[in-house]
Amino acid sequence: MNSLPFLHEKGEGVVLEVHVQPRASRNEWAGIHHGCLKVRLTAPPVEGAANRECIKFLAELLDIPKSDLEIVGGHKSRQKSILIRGLSLENIREVLHREGVV
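Under the numbering used here, think of the first position of the sequence shown as 63, with each following residue one higher.
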């Protein structure tokens, strides 16, 4: 059973729903916001900078290549759906728990 509402399996991998707060003082997790995992990023929301920073931040946290992450929804919104390939739902839950995110 998935107790994390912002994570769900999709045919190609796992989708993580995030709420991005751009122009923060540092890159960090900031809890849950309206059923999404909130991420604060230093990048501004212009010309895809926050999207690139979000992918980089997640790749480092999950210890996977950036190419295994893809924004599949919300390219121009604070609410984003990010497809994670190469990790199971359980693997991602373990990382989030280990890192103190949830």
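By construction, the Cβ of each residue, glycine as well, lies at the ideal position given by its N, Cα and C atoms. Values in this document were obtained by computation on a predicted structure and should not be read as measured data.
What distance in whole Å lies between the Cβ atoms of isoleucine 133 and glycine 75, which are believed to be in contact at a cut-off of 8 Å? Indexing the sequence shown from 1 puts residue 75 at position 13. Indexing the sequence shown from 1 puts residue 133 at position 71. At roughly 13 Å, the Cβ-Cβ gap does not stay under 8 Å, so glycine 75 and isoleucine 133 are not in contact.
Using only the alpha-carbon positions, how far apart do glutamate 161 and asparagine 89 sit? Numbered from its first residue, the sequence shown carries residue 161 at position 99. Numbered from its first residue, the sequence shown carries residue 89 at position 27. Their Cα atoms are separated by approximately 14 Å.
What's the C-alpha gap between leucine 123 and glutamate 115? Taking the first residue of the sequence shown as 1, we reach residue 123 at position 61. Taking the first residue of the sequence shown as 1, we reach residue 115 at position 53. For leucine 123 and glutamate 115, the distance between alpha carbons rounds to 12 Å.
Separation of glycine 148 from lysine 118, as counted between CA atoms: On the sequence shown, position 56 is the one that residue 118 refers to. On the sequence shown, position 86 is the one that residue 148 refers to. Straight-line Cα distance between these residues: approximately 16 Å.
Can you give me the C-alpha to C-alpha distance between histidine 70 and glycine 110, rounded to a whole angstrom? Here the question's residue 70 lines up with position 8 in the sequence shown. Here the question's residue 110 lines up with position 48 in the sequence shown. Taking the straight line joining both Cα atoms gives about 25 Å.
Starting from arginine 187, follow the alpha helix (DSSP H) in both directions and report where the run begins and ends. Not covered by the structure: residue 187. The range shown for the chain is 63 to 164.
Look up arginine 102 in the DSSP assignment and give the residues it is bridged to. As a first step, residue 102 is located in the sequence shown; it is residue number 40 there, counting from the start. Answer by DSSP bridge pairing, in chain order: Gln83 and Glu90.
So, is lysine 72 buried or exposed, given that buried needs 16 or more other C-beta atoms within 10 angstroms? Position 10 of the sequence shown, counted from the first residue, corresponds to residue 72. Classification for lysine 72: exposed.
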